[in-house]
Amino acid sequence: MSRWYWTGLGLAAMGCVLIPGFFAPEHLSPSDLSMAYSSPGAAPPFGTDSMGRPLLEYALQGSRVIALPSIVAGLVVMFFAVIGGLIACTGSHRLEAITRAFGELLGALPRMVVVLIVALLMPPEDRSLYPIAISWALLAAPGAMDEASAVAARLGGARFVEALRAHGFSRFRIYLWHIVGLNLRPVVARQGMETLMQVVFLEIALSYLALQDTQPSFTHGDSEMSWADLLYMGYQAFLEVPTWHAMQLGIGLVALVALATVCVGRAVRPR
Amino acid sequence: MMQNHKLLLSLSVVVGTLALSTGSTLNFYEESLPSSMNPMFAQSMVDNRVHELVFDRLYYFDPITNELTSRVVERWELADGGKAVKLFVKKGIRWQDGEALGADDVCFTINAMLDEGTPSPIAEKQRAVFSGCEVESKDTAVVQFTQIFHNPLNQLGFYVLPEHKFESTAIQPDDAFSNRPEGTGAYSGSMGRRGVTFGAKKNAHHEPRIGQLSLQEGGDPLVQVRTLLNNGVQGIVAVPPPYRADVSASDELSLKSYDLRSWWFVAVNQDKPYLKDKRVRQALNLILDRTDLREKSIGVKPGEQNSPCEFISGPFVQTSPYYNRSIDVQPRSDLEQAFVLLEQAGLTQTGGRWHYKGQPITLRIGMKAPLNNEAPDLLSQIGNQLSAGGFDRQEFRITVDDWNRQVLTGEAEDYDMVVGKWSFGLVEDVNPLFHTRNGGRGALNIFNYTNPQVDALLAQYQSAKTDTQARDAYHKLHEKLDDELPYLFLWKLDTKSAWRTEVRGNTIAPYYYWTAVDNWKYSP
Amino acid sequence: MNSWWIRPLVRLVAAALLPVAVPGILTALIWALPGDPASIICPPAICGGTEELAEKWNLHQGPWHFFSTWMKAALSGDLGNSWRMQPGVPVVELIAESVPWTAALVTMAFIPLVLGATGAASRWLSDKLDPLIRLVGLTPSVVLALLAAAAVTIHYGANAYDDDAMRVKILLGALTLGLADAALSGAVTGVRGLMEEERKQRYVQIAILRGESVLSNTLPNVLPAIAGQMRARLLHLLSGAVIVEVVIRIDGLGDLLWQGTLTQDFGVVLASAFAFAILSAVLLLGQALVEIGVALHVRRSPKGVPA
Amino acid sequence: MLLLALSCTGAEDAENTPATEAVPSALIEDSWMLQVAQPGKLDEVLAQKAWGEVFERRYSGAAMTFGTESARGHAEAAAIYRQAALLQANAILSTFASDQRRDTDPAQVIYLVGVASVITGDLDTAKASLGQGGEQVGDADAAWAQVLTAETFSLRDAPPLFSLGEVAAGGTPNAELDPTYRLPEAESGLVVEVADPTLTLQLAFWHEDAARAAGGEPWLDAWLAPWRLPLESVDAEATEQPLDALFLGVWTGTADLDFVNALATDGDAALDAYAATSPYAAIVKACAADEVDLDCLLDQSVALGAQLEAAMETAYGSQHADHRTFASFARAGVLRAGARLCDARGEERVAAILRLNARDRGTGPATDPKFQLALAAWDASNRNALRSTELFHPNRASVDGLDVVQVSLDTFSLRVGRETGAGLPQ
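Structure, rendered in structure tokens:
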């Protein structure tokens, strides 16, 4: 299928996931017990919870929780990937060694351990996904830098730059356009998108764990709902509570994020 | 739902093929995990119930006949003209580690309570009762009181601690004893990550019939009830009202009364400038629509007969002699009157939101997290009502740990309001809740509320010589608090347990719950 | 090739640094937090004065003293006591009861990854399956874990901690960990990519013409990269174990860290992060040794070196 | 409307069919549960609106609505006031009896001790206490002392201290009466409010007479016998109980009530006498022929409930939410019958355990205020202030004028609570 098809599909999926967050209500609507556990048919589009509040609001608030932090995390990883690629083109072994050492140290610990330690230090009033998302991005950066530098190395690294210089291109144009724009783009975009997806999943995971232990979430205030609330509600369907529609919505949103990642990956793949 | 059942079935089949039969331990869900297994540092009813399993109170009331009796004292006699009692400790009783129980343990416990180095509000209370204790012989202790009591044995309802487990009488809460206690009770307890396991301990004075009990933290009440129906657990200590019908509808389960006086409140932080003026607190009290809250979070239908949830207007349940029945409850909201009060207090309403000195007010409301199981969604319902009353709000679920460390210690100044619950037995001493914090008094004063008139009334209660003096002091206190509103009083919620019918002889003692655990039987 | 030693050296240095750096950073953080560290263990309002408390918990002489004595004790097997989760209880007991569960979980989850990687390397596993494996890999571990948790809850309820239940939970947890978050797909596609790339090398074609086996030629060259892949996968599993253990309620190391985090129990967090640091260091060490071994092997015999 | 209300109360349970029958099916054929389970019968019974009030345990209202159509409302009130008077009496004795009295208590409380002793059947203490009450209680005290001088005394001879008005079927007694005294406390001079149980006692008699006027004469004595007070002449001759005496009550049929009454007079002999006619007797005999087997009684009471549900389903033609509600009366009833046997045998503790279980079984529409007040009265006699107040409170609106009982319970709770050791809110 054409690159444009994947691009369109990816952007559409991303849009569906992230943009609605900007229109999320600050608090859930007042409850209406007469509408409790309504199916999507009875209370379009997604049905209601045990208090008769629309699951749409859960989805919107969840989207708001993840939207900006996950985008920021993606951008951080993209930035580091670009740096990694460019360093590989400088031909400086020392710089490469330093970068690698930094990467080894940073990448050596299981990410969740670091994330939990970051969460541990956050005071309840400053609960937000940002610090966790950025830590995750920093931990993902070494991998992205490695891959980008490998791509740059395949290009020929410093020799590639020299060759283009010989053609009279400015360093600025070579680095920004020929290396980043034309060659690093696929790996940088994919890494960024994968990190975005991982941050979304991370938020769901952390919120779900907190919900399960009736603890406040590390990633958002208690007035807000996360997509994990949908999954937790949906989980009760296994205990004969009529929340199957919540499970479907939760899984659907997760699938949408995954779809967006796959599509973007396909869209930017090298020719 | 069909898909749901199919998936449920297939999952169970997968698990079933991997699994063998399950154990026969008696599992039950508690409201939360205990915060400490050292009776000196009990901070919740969960703690109290756990202590009843692991330790012995010197004297206790029989849960059936209410006879005041003891498992550890052979006999007693009055001494020092009635200002002391001589206790003869039963021989042959052993601590769970094998050491013998003696008079020295009884005196150690009293001396530990009298030691100022023991930072325990419970001990602080006992200091007004006991003046000392002397070990006369291995099995004889003389307990001295600060005054002559008409029924002195009634004062001896404290748990006995093992002297050999502590270095000094200054007992600290951060000691390993709080998780791995040694008692003389029917069960030894060991706190794990998600629960507490209790192993039966046969003793000269205990013969438990159930080999092992396992306490687990009950999460979502619906999941608790379903698990109970599936025989995944055998009991739930507190079943929220909305789920009691499900329990009654099954012959495999029985709903058991648990006599306890619990009332719910919203404490208001008067150190916040916009909450200092009592008219603002009165307005908040008028904004709350308790009938609506009760319907949505407790599931009480309007006009329901004998509701398990009864509104209160002061710090006592309506069955209490201290409840001042001349003070009316506030079942419905009255926004009009509330707004008048807010304007009188100098607040201004702009764009539908209340402002104080030009700044919009955002109320930070916290609630003890496990309460959400008993009254689902209460926090956001209160938030909705305050929002309808013109206040922005932020909601916070407070963990049990933070509740004990911050809220109960008066360190939760970040919050404007916190939603909580207090439980009482026969003794309804509310002095620790409302007295100014000083010299050990007001130990549970959440927002460090201070009011000289209230302190005076509490002092009157404390020094009351007759029942009537005590009652009058608390009736006046009720009236004063209804005007001052350091708390917005919500309701009394009765407590019911649910047990599977395979559990036999399960008499539930008022307040202490497990007093008759020796008679409990379980044959799966 | 003249700087072949840089990578293993860096890994060795990292492996040596990690177990010291992690407790060091955490100790610094304890003092960086507002308020007296002793008051984190027990607020003055509950425990009275904090001086005795600070001394009792060895917090009275500043971060360096705390860190150095903690490290000294840790090397002799004493990881201190829990601060808040189970105050006063030796953390080493909690770690000791946790490690076997995490080890069992990660090992069982690692088996399908090794099989998948071997299958991909030997072309036994067809690349036609890749899309399917990728699709499964897109599922977040929390989603699979909650399905497993539901199954366990329905079947066992509160008996979910007896031996049978734990066995089932480990199996379901390993399945979750092995499949979710692209664990298997990463191992399969990663190794396949490496091998296919190497197979295209000219020296391999020549070796084939010489009648030599492909694997004996390619393996020395791809082994370091495969070792890297496997270390990354193991780290990934260790990381995912936190989620799986908490959701399915397995009393492992990840769950211990989670509980410690929830209760702000630095005693537990310090020790469990230290344990994770040691595990990571061991993995780094392993990879470095493989790299060194291969480098020396390649130097000893020219066979398999690209022409 | 009641049908609707009933429908809302119970949930259908598919697992009700008993594995084995608790009793031969012939024993439950005439039970009120099966009578009302006949198609159309329930609607016919519910045509009387007063059943809605009986269902909601508002018996004063029910008595008025029934008027002369049924004595059930007055009968329930007569039983409830009796147990309320006993509760008051025990609360008074647990507060002011000679072994509990404080020097600071008002001297006049001795009068209350006297009246309470009469109600609890302790005539010696009553005679020793009455006639020395002094100011404020003087007239009442003298009146009581006077009636006790007679050679034979029955509780019915209690002095008419309060004029309740003429007895009339469907009528209500004078509500403007205040039985409380505000007595000065020694030292503090504060006011101690106490309540005279004589009014509650008179109300019991008034409603008994009203029940007779409403046509309850043929069945009332047997119906009321289990709830009579010690010094009442019990005439519990077995008589056929009509449906309106049994419907929404704990006895499945006349035989159960006769069995329970016979237990009080004949003891164990009643087991053999009624095992063939009363389902309760059959079960109690099977489970308690020698020693009371609690587990057996608990199991069999559940089995009987399930058997009744199954039989109602067969009679009605399908399951109905009300069937479980109706059967729950029997689930509690068996235990209460067992408790009566224990009373006869003097096994007070076992009786109490059975009653506590019956309390838990008898919830919602199956709650029986007279039973709960009786249990509260027993608790008050044991100085159990917590449980007795918790038992009384939900039933305070079952008949008019019960608030006066709260006055006695307050002084009792205060006394017991204040002498209990230090406690902290949790």
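Chains as they are written, first to last, in our numbering: chain R, 2 to 272; chain U, 4 to 527; chain E, 29 to 335; chain G, 7 to 432.
Glycine included, each C-beta is placed from N, C-alpha and C at the ideal position.
>> Quick check on this structure: which residue in Gly222(R), Ser218(R), Met234(R) and Leu76(R) has the alpha carbon closest to the alpha carbon of Leu117(R)?
In response: Ser218(R)
>> In whole angstroms, give me the CA-to-CA distance for Leu19(R) and Leu496(U).
In response: 43 Å
>> Check whether the region 86-104 of chain U and the region 276-284 of chain U are in contact - that is, three or more C-beta pairs closer than 8 Å.
In response: no
> What are the complete alpha helix (DSSP H) segments, minimum 4 residues, inside the region 176-225 of chain G?
Replying inline: 204-217
> For the region 272-288 of chain E, which residues have a beta carbon sitting closer than 9 Å to at least one beta carbon of chain R?
Replying inline: Val274, Val275, Arg277, Gly282, Leu285, Trp286, Gln287 and Gly288
>> Looking at chain R, is there any beta carbon in it that lies within less than 9 Å of the beta carbon of Leu205(E)?
In response: no
> Mind checking His153(U): buried by the 16 CB within 10 Å criterion, or exposed?
Replying inline: exposed
>> Classify Ile133(R): buried if its beta carbon has 16 or more other beta carbons within 10 angstroms, exposed otherwise.
In response: buried
> Using DSSP with H/G/I as helix, E/B as strand and the rest coil, what is Tyr514(U)?
Replying inline: coil
>> What are the residues in the region 193-215 of chain G lying within 8 Å of chain U by C-beta distance?
In response: Glu193, Ser194, Leu196, Val197 and Val198
> If the cut is a Cβ gap below 8 Å, which residues of chain G does Met48(U) touch?
Replying inline: Gln432
>> Using the three-state DSSP reduction, which class does Ile72(R) fall into: helix, strand or coil?
In response: helix
> Just the Cα atoms here: how many angstroms apart are Leu81(U) and Ala87(U)?
Replying inline: 6 Å
> Listed from N- to C-terminal order along the chain, which residues in the region 215-245 of chain R have their beta-carbon within a distance smaller than 8 Å of any beta-carbon of chain U?
Replying inline: Thr215, Gln216, Pro217, Gly222, Asp223, Ser224, Gln237, Ala238, Phe239, Leu240, Glu241, Val242, Pro243 and Trp245
>> For a cutoff of 9 Å on Cβ pairs, would you count Arg250(U) as touching chain E?
In response: Rather than Arg, the amino acid found at residue 250(U) in this sequence is Val. Not an interface residue.
>> Looking only at its chain, what residues have a beta carbon closer than 6 Å to the beta carbon of Trp111(E), apart from the 5 residues adjacent to it on each side?
In response: Ile69, Asp293, Phe294 and Gly295
>> Cutting at 6 Å between CB atoms, please list the residues of its own chain near Glu82(G), excluding the five before and the five after it.
In response: Tyr65
> Expressed to the nearest angstrom, what Euclidean distance is found between the alpha-carbon atoms of Val308(G) and Asp36(G)?
Replying inline: 19 Å
> In this structure, does DSSP put Ser13(G) in helix, strand or coil?
Replying inline: Any reading at Ser13(G) must be qualified, since the residue scores a pLDDT of 38, below 50, and its modelled position is unreliable; the value itself is stated next. Note: Ser13(G) maps to helix in three-state DSSP.
>> Any contact between the region 48-55 of chain R and the region 93-110 of chain R? By contact I mean 3 or more CB pairs, one from each, below 8 Å.
In response: no
>> When you compare the CB positions of Val29(G) and Val42(G), do they come within less than 9 Å of one another, or not?
In response: no
> Using the rule of at least 16 other Cβ atoms within 10 Å of the residue's Cβ for burial, across every protein chain shown, is Ser199(U) buried or exposed?
Replying inline: Ser is not the amino acid found at residue 199(U); the sequence shown has Val there. With 16 or more Cβ atoms within 10 Å of its Cβ, Val199(U) is classed as buried.
> For Trp233(G), which of helix, strand or coil comes out of DSSP?
Replying inline: helix
> Secondary structure at Thr540(U), three-state DSSP: helix, strand or coil?
Replying inline: The structure shown has nothing for residue 540(U), since chain U only spans 4 to 527.
>> Per DSSP, what are the beta-bridge partners of Phe168(G) in this structure?
In response: In the DSSP output, where bridge partners are listed per residue, Phe168(G) has none listed.
>> If we define contact as Cβ-Cβ less than 9 Å, is Arg190(E) a contact residue for chain U?
In response: For the record, residue 190(E) in the displayed sequence is Asp; it is not Arg. Yes, because at least one Cβ of chain U sits closer than 9 Å to the Cβ of Asp190(E).
>> With a threshold of 9 Å between beta-carbons, can Phe450(U) be considered close to chain E, or not?
In response: no
> Name the chain G residues whose beta carbon is nearer than 7 Å to that of Gln352(U)?
Replying inline: Going along chain G, no residue has its Cβ under 7 Å from Gln352(U), so there is no contact; the nearest lies around 37 Å.
> Does the distance from the C-beta atom of Gly259(G) to that of Ala350(G) stay below 9 Å?
Replying inline: no
>> With a threshold of 9 Å between beta carbons, is Asp223(U) in contact with chain R?
In response: yes
> Taking the Cβ atom as the reference point for each residue, do Leu130(R) and Val78(R) lie within a distance shorter than 9 Å?
Replying inline: no
> Given a limit of 9 Å on CB to CB distance, which residues of the region 30-44 of chain U reach chain R?
Replying inline: Ser35
> What are the partner residues of His358(U), as DSSP defines its beta bridges?
Replying inline: Thr351(U) and Pro363(U)
> When burial is assigned at 16 or more other CB atoms within 10 Å of the CB, is Leu324(E) buried or exposed?
Replying inline: exposed
>> Applying the 10 Å Cβ sphere with the 16-neighbour rule, what's the burial state of His478(U)?
In response: buried
> Alpha carbon to alpha carbon, what distance is there between Leu87(R) and Ser150(R)?
Replying inline: 7 Å
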